[in-house]
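One structure is given here, and the rest of the page talks about it.
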Amino acid sequence: MSQGRTGRARPYRMSKRAEDVDETRQRIIEATVRLHTTIGAARTTISAIAEKAGVTRLTVYRHFPSVEELFASCSRHWMSQHPRPAVAAWTKIDPPKQRVRRALIELYSWFNENADDQFVLRRDVDAMPEWAAAGMHAADAQAAEALVAGTELRGAARRRQRAAAGHAVSYETWRSLVIDQGLGIDEAADLMTKLLFR
30 MSQGRTGRAR PYRMSKRAED VDETRQRIIE ATVRLHTTIG AARTTISAIA EKAGVTRLTV
90 YRHFPSVEEL FASCSRHWMS QHPRPAVAAW TKIDPPKQRV RRALIELYSW FNENADDQFV
150 LRRDVDAMPE WAAAGMHAAD AQAAEALVAG TELRGAARRR QRAAAGHAVS YETWRSLVID
210 QGLGIDEAAD LMTKLLFR
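If you read the sequence shown in our numbering, its first letter stands for residue 30, the second for the next number, and so on.
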């Protein structure tokens, strides 16, 4: 706590300044997320972010000197608001057929809840930094591996089952079955479970 010329304390001045900086940074992050999930990353400009956040372009660059840093902060923020299902918990479910059905219901429910955002984010994946696109693919791959963990198939049969799992956890598969074909989430999960355990 600092003292002014009058000898009175000036409490929290530095703290308030830090809060203002954090608040501005958060506004920029939230503005970017809104733009990325509505018009898409490919059409989002620094000027649009600044306008949406109510700051100048210089302020955006001051807080985020690189696009990479801005994307990383936005990704963390979005995921904190929309956490994916806990893939690690799936591997503890036995038997495998029950695991697959339960996992797909959870995953398809998550796609359903975040359908609009996911559509725009995945459509514009090529406009994102390479690590962001790689992260999406890695999350899908991890989910697919969890579905087939512990199954006894080997060789070509295992390869086909792994391919079916990769297809089952895909956003595009969920969209085709639930949005385009009109299946319910349980129906779509049942169909894909049968595909893995033919």
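Each residue gets a CB set at the ideal place from its N, CA and C atoms; glycine is no exception.
These figures come from a predicted structure and were not determined experimentally.
Please classify A163: is it buried, with 16 or more other beta-carbons within 10 angstroms of its beta-carbon, or exposed?
One-based indexing of the sequence shown puts residue 163 at position 134. Flag for A163 reads exposed.
Is there contact here, the segment 207-227 with the segment 123-136, by at least three beta-carbon pairs under 8 Å?
yes
Do the CB positions of V89 and I75 come within less than 7 Å of each other?
Position 60 of the sequence shown, counted from the first residue, corresponds to residue 89. Position 46 of the sequence shown, counted from the first residue, corresponds to residue 75. In contact: V89 and I75 (Cβ atoms closer than 7 Å).
Cβ contact check for the segment 198-206 and the segment 109-118: 3 or more pairs under 8 Å:
no
Within 10 Å of its beta-carbon, does S104 have 16 or more other beta-carbons around it, so buried, or fewer, so exposed?
Position 75 of the sequence shown holds residue 104. S104 comes out buried.
Which one of Q190, A172, H196 has the shortest CA to CA distance from A118?
What you label residue 118 is simply residue 89 of the sequence shown in a count that begins at 1. Among Q190, A172, H196, the Cα nearest to that of A118 belongs to A172.
Can you give the Cα-Cα distance for F226 and F140, rounded to whole angstroms?
Stepping through the sequence shown from its first residue, residue 226 is reached at position 197. Stepping through the sequence shown from its first residue, residue 140 is reached at position 111. Using only the alpha carbons, I get a separation of about 23 Å.
If you measure from the beta carbon of T73 to each beta carbon in chain D, is any gap under 7 Å?
Any reference to chain D falls outside this structure, which holds one protein chain only.
Spatial neighbours of V84 within its chain, please: CB distance less than 8 Å, with the 5 preceding and 5 following residues excluded, ordered by chain position.
In the sequence shown, residue 84 corresponds to position 55, counting from 1. Excluding residues within five positions, the ones whose Cβ falls inside 8 Å are T53, R56, I57.
Taking 7 Å as the threshold (C-beta atoms), are A70 and D153 in contact?
For this step, residue 153 is matched to residue 124 along the sequence shown. For this step, residue 70 is matched to residue 41 along the sequence shown. Taking 7 Å as the Cβ cut-off, D153 and A70 qualify as a contacting pair.
Looking only at C-alpha atoms, which of P158, A185, V177 sits nearest to P124?
The sequence position of residue 124 within the sequence shown is 95, counting from 1. Checked all of P158, A185, V177; the closest Cα to P124 is V177.
Please report the straight-line C-alpha distance between L64 and A156, rounded to a whole angstrom.
Your numbering for residue 64 matches position 35 in the sequence shown. Your numbering for residue 156 matches position 127 in the sequence shown. Between L64 and A156, the C-alpha separation is close to 13 Å.
Is it the case that the Cβ atoms of A79 and R86 are separated by a distance below 7 Å?
Stepping through the sequence shown from its first residue, residue 79 is reached at position 50. Stepping through the sequence shown from its first residue, residue 86 is reached at position 57. Yes, these two residues count as a Cβ contact at 7 Å.
Would you kindly work out how many angstroms separate the C-alpha atoms of T202 and D51, rounded to a whole number?
On the sequence shown, residue 202 is found 173 positions in, with the first residue counted as 1. On the sequence shown, residue 51 is found 22 positions in, with the first residue counted as 1. A direct Cα-to-Cα measurement between T202 and D51 gives close to 40 Å.
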